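Peer 1: In my numbering, the protein residues as written are 2 to 378.
Ideal Cβ placement from N, Cα and C applies to all residues, glycine included.
Since this is a predicted model, take the numbers as computed values, not measurements.
Got a structure for you, questions after.
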Ligand SMILES: [Fe+2]
Ligand SMILES: [Fe+2]
């Protein structure tokens, strides 16, 4: 079937050799009087002119296979991505031109940071500003590792940009929540850093702690839905006003709960549960002990520690001794005892954060502006 469907299965050199062969046979037929050589010569000539050989077809050689072989012949060498073949011992058995050009430092499979390479299917390899995905495949027939390297820097950069955009939006939303209640932007920054430090001290992973750092500034985002008169009221709130104020936990949670993004999901938990108390007397759900999500328990300590040390419309800033006394009193009452213990054990580190994100008071700000105006004048 191949013969009729895909008649040409011969290249030019092959056809040329057959023409010469046919001529020689024809000449021999004449000079040696061998009539039988004429039909053989004619047949050879016919195959050369039609560029098709029935014997090739019988062995499955056809034009598309010739073409495929032709291209495959060049593929490993000129593959636009780096390609390596490592022996079972990890030494380079083959590498293409791109691998030599882009990754000349690779001397064996360990250079990719792969040591236990039998279990590995891919790793990331960083060089300069680029990130490569190194796909490793052990090929039994070759008893060797086939390694294909792809530049994924663009994907990584895009992912980083998406994450950074999320972080920026979350930061801004957190600040909106705080400025609505006339608190300073640095309050949310400090809460974020305290929360991350507490998460790390609790043994959470660096990535999870970082997510908490990013999400915790949103704890009061629900305050965007609370009337100014209540938010900025100097002095104590009435029972009714406090009931309205308490709604900010639910409001914040409602704003964020439908997001599919990890950071916003954490922010939703933090917004919802940062006023829950360990003894079950908090709001809005009255959750108790470990029913309160660890993110909520962490942020509530961070938020209260910072809020007490800051001046607000309804109160003066407390001094450190009074704050520590309160935290100890509230250990196991409002706050998770383990978190308070970790906080007190590592107090120095929390104070470093507090000092590096100090608030600028309105008076300082006014003085700075007046000073500037005088200089300009
Ligand atoms: Fe709050
Ligand atoms: Fe707060």
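Could you check what DSSP says for residue 96 in three-state terms: helix, strand or coil?
Peer 2: DSSP places residue 96 in strand when its eight states are reduced to three.
Peer 1: Can you list, in chain order, the residues of its chain whose CB lies under 6 Å from that of residue 274, leaving out five sequence neighbours each side?
Peer 2: Excluding sequence neighbours, residue 274 sits near 293, 294, 297.
Peer 1: Fully enclosed by the region 312-365, which alpha helix (DSSP H) runs are 4 residues long or longer?
Peer 2: Taking only runs of at least 4 residues, the alpha helix (DSSP H) segments lying wholly in the region 312-365 are 321-330, 338-346, 348-357.
Peer 1: Within the present structure, is the beta-carbon of residue 304 separated from the nearest heavy atom of ligand 2 by less than 6 Å?
Peer 2: Yes, ligand 2 has a heavy atom inside 6 Å of this Cβ.
Peer 1: Using only the alpha-carbon positions, how far apart do residue 255 and residue 287 sit?
Peer 2: So the alpha carbons of these two residues sit roughly 17 Å apart.
Peer 1: Under DSSP, the beta strand (DSSP E) around residue 86 begins and ends at which residues?
Peer 2: That run of the beta strand (DSSP E) goes 84-88.
Peer 1: Within 7 Å (strictly less), CB to CB, does residue 247 reach chain C?
Peer 2: Checking the listed chains, one finds no chain C in this structure; it contains a single protein chain.
Peer 1: Do residue 113 and residue 84 count as a contact pair if the criterion is CB distance below 7 Å?
Peer 2: Taking 7 Å as the Cβ cut-off, residue 84 and residue 113 do not qualify as a contacting pair.
Peer 1: Bridge partners for residue 132 per DSSP, in chain order?
Peer 2: 127, per the DSSP bridge assignment.
Peer 1: If you run the structure through DSSP and keep just helix, strand and coil, what is residue 10?
Peer 2: Reduced to three states, the DSSP call for residue 10 is coil.
Peer 1: Note down, one range per segment and in chain order, each alpha helix (DSSP H) of at least 4 residues found wholly within the region 41-81.
Peer 2: DSSP runs (the alpha helix (DSSP H)) wholly in the region 41-81: 55-59, 64-79.
Peer 1: What does the alpha-carbon distance come out to for the pair residue 307 and residue 194?
Peer 2: Spanning the two alpha carbons is a distance of roughly 11 Å.
Peer 1: Taking the straight line between their C-alpha atoms, what separation do you get for residue 200 and residue 209?
Peer 2: Rounded to the nearest angstrom, the two C-alpha atoms are 8 Å apart.
Peer 1: Does at least one heavy atom of ligand 1 sit under 6 Å from the Cβ of residue 221?
Peer 2: Answer for residue 221: yes, Cβ within range of ligand 1.
Peer 1: Are residue 220 and residue 272 close, meaning C-beta to C-beta below 7 Å?
Peer 2: Contact: yes.
Peer 1: Going by beta carbon distance, what residues of the same chain come within less than 8 Å of residue 123, once the five residues before and after it are set aside?
Peer 2: Result list for residue 123: 134, 135, 136, 137, in chain order.
Peer 1: Check this for me: beta carbons of residue 242 and residue 231, under 7 Å apart or not?
Peer 2: Contact: yes.
Peer 1: Using CA atoms only, rank isn't needed, just tell me which of 40, 105, 108, 147 is closest to residue 121.
Peer 2: Ranking the options by Cα distance to residue 121, first place goes to 147.
Peer 1: Within the same chain, show all residues whose beta-carbon is closer than 6 Å to that of residue 215, passing over the 5 residues directly before and after it, in chain order.
Peer 2: So the qualifying residues of the chain are 168, 171, 264.
Peer 1: Please report how far the alpha carbon of residue 88 lies from the alpha carbon of residue 64, in whole angstroms.
Peer 2: C-alpha separation (whole angstroms): 34 Å.
Peer 1: Over what stretch of residues does the alpha helix (DSSP H) that includes residue 215 continue unbroken?
Peer 2: 207-216 is the span of the alpha helix (DSSP H), which, as asked, contains residue 215.
Peer 1: Who are the near neighbours of residue 312 in its chain, counting only those whose CB is closer than 7 Å to its CB and skipping five residues on each side?
Peer 2: 318.
Peer 1: CB-CB under 8 Å to residue 350, same chain, minus the five flanking residues each way: which ones, in chain order?
Peer 2: Excluding residues within five positions, the ones whose Cβ falls inside 8 Å are 198.
Peer 1: Since residue 335 and residue 279 should fall inside the 8 Å C-beta cutoff, what is the C-beta to C-beta distance between them, to a whole number of angstroms?
Peer 2: Going by Cβ atoms, the distance from residue 335 to residue 279 rounds to 6 Å, so yes, they are a contact pair.
Peer 1: With DSSP run on the structure shown, which of helix, strand or coil describes residue 18?
Peer 2: DSSP places residue 18 in helix when its eight states are reduced to three.
Peer 1: Nearest to residue 50 by CA position, among 41, 40, 9, 28, is which residue?
Peer 2: Among 41, 40, 9, 28, the Cα nearest to that of residue 50 is on 9.
Peer 1: So, with DSSP's three-state summary, where would you put residue 141?
Peer 2: Coil at residue 141, not helix or strand.
Peer 1: Would you mind stating whether residue 252 and residue 226 have Cβ atoms separated by less than 7 Å?
Peer 2: In contact: residue 252 and residue 226 (Cβ atoms closer than 7 Å).
Peer 1: Which of the three DSSP states is assigned to residue 279 in this structure?
Peer 2: In this structure, residue 279 counts as coil in the three-state DSSP scheme.
Peer 1: With DSSP as the reference, label residue 259 as helix, strand or coil.
Peer 2: Coil at residue 259, not helix or strand.
Peer 1: On the DSSP bridge list, what partners appear for residue 147?
Peer 2: Paired residue(s): 86, 138.
Peer 1: Please go through the same chain and pick out, in chain order, the residues whose beta-carbon is closer than 6 Å to the beta-carbon of residue 268, but skip the five residues on each side of it.
Peer 2: Hits under 6 Å: 216, 219, 257.
Peer 1: For residue 155 and residue 128, I'd like the C-alpha separation in whole angstroms.
Peer 2: The straight-line gap from Cα to Cα measures roughly 14 Å.
Peer 1: Exposed or buried, what is residue 276 when buried is set at 16 or more other beta-carbons lying within 10 Å of its beta-carbon?
Peer 2: Counting Cβ neighbours within 10 Å, residue 276 comes out buried, since at least 16 surround it.
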